[in-house]
Structures are given as C-alpha cells and as structure tokens.
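Participant: Quick one: structure below, then a few questions.
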C-alpha cells in the first residue's frame, strides 16, 4: 500500500487519574475525524480483499498525529491499494477538503491521478455537499462516498461462479428466484458487491444456532 474523545478535567482542580486521563483528547477534532475516516476506509478495503497491512489499520491516534499533524494535508492522506488475489485491481482513495465539491475540484483530482490505465476504482471521501454538475463529472470514475463503520454481525461471502452454479443446480432454482440484496444497500456498498453475484450470509450468535441464507445482488 502506498501512503503518501471525551473532554474533561479533574474535579476541584485535582489532576486526572491515569485511568481517566486515557479518555481525554487534547488534540484537534480535525485530526481525530480524519484518523477515524482513514481507519474506516482501510477496514472496508481489507474486507473487500485488498492488501492492507494490519499495522496501518491498528495505527493509534497518537501515531497518526505524529505522521500527519493536527491539521492533516489531504494529499498526504491519499492512498492506493491493490487486490490480494487480483493484482490488476487497484483502488485509489482520495480525501476531499471541507468545501463544497464542484466540477473544478473533480477535474483537479482527475488531473492529479497518474497511471489511470491501471486504476480500477476510486473512493472519494467527502466532508461536504457535492454539486449536481460535479456528480455528472464523475462518470469516468467508480465513485464511492465513505460508508461509516458499523457492526456487521452476519458474515458475508461472495460465491465463485462454480459455487454459484452448484447452488442453483442443487436447489433447482434460477438466480432471480433467490432472495435479493440491492446493490445500493449499505452492506452491498460496503463490500463493493456487483450485480449478479450470489452472497452467502451466515448468521450466528452465542445463544442461537448458525443459520445460512443466500442472496443475489441486484
């Protein structure tokens, strides 16, 4: 991969104890926000099968600030990753500033991207509104707005084409007869599922038996 809190004080003037002081963040809110956004997108890419070192995901807030400072530079946060099993797939992640995203900004990003022929996807992380004209300018890119981290209790696994065909033959059904998972669904967007893929969803818990279902992406 290329890598270019709670607030409070002691009561009655007393110093914070070691335990409580661990929850106090004296750094900037801006750096904390970028730290969380970066970690979330790295976790998302790793879940999609991209080569993301655990050391990058596990980077602490203090380590992040030591590298990027209290006011991170957007260009330095930009990163590029390749897929672990398919090196031809390369994803670029670009962080955009706090201003409204306009056509000029999209054109600037397009002009800064090198090796466009090897790029298979672009994730653009925004903080503000994007104009309709700017959205139209994204036609050349595989654009994806960051999906904030949430707990994914079910396990989602995409079947290979052979596994998909064996499943359909086993139950004598067509893919259109399977329960559907819309491509615009948050889970589908999180993992980057594509139309026509069949996903094995495994539910389970400490007090419930494991339950498996299959859904086709539409």
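Residue numbers (the numbering used here): 399 to 616.
Just so you know, even glycine gets a beta-carbon here, dropped at the ideal spot from N, CA and C.
Values in this document were obtained by computation on a predicted structure and should not be read as measured data.
When you compare the CB positions of residue 443 and residue 450, do they come within less than 8 angstroms of one another, or not?
Facilitator: Yes.
Participant: With H, G and I counted as helix, E and B as strand and the rest as coil, what does DSSP make of residue 410?
Facilitator: Residue confidence for residue 410 is low, a pLDDT of 40 falling below 50, so the modelled location carries little weight; the figure read from the coordinates is stated next. Helix.
Participant: At what residues does the beta strand (DSSP E) containing residue 612 begin and finish?
Facilitator: 609-615
Participant: So is residue 504 buried or exposed if we call it buried at 16+ other beta carbons inside 10 Å?
Facilitator: buried
Participant: Are the stretch 471-478 and the stretch 490-499 touching, with three or more C-beta to C-beta distances below 8 angstroms?
Facilitator: yes
Participant: Measure the alpha-carbon distance for residue 440 versus residue 448 and round it to whole angstroms.
Facilitator: 9 angstroms
Participant: Can you tell me whether residue 568 is buried or exposed, with buried defined as 16 or more other CB within 10 angstroms of its CB?
Facilitator: Around the beta-carbon of residue 568, fewer than 16 other beta-carbon atoms lie within 10 Å, marking it exposed.
Participant: Buried or exposed: where does residue 595 fall if 16 or more other Cβ atoms within 10 Å of its Cβ makes it buried?
Facilitator: buried
Participant: Rounded to whole angstroms, what's the CA-CA distance from residue 430 to residue 576? Just pull it up for me.
Facilitator: 42 angstroms
Participant: How is the alpha helix (DSSP H) around residue 645 delimited, first residue to last?
Facilitator: No statement about residue 645 is possible, as the shown extent of the chain runs from 399 to 616 and does not include it.
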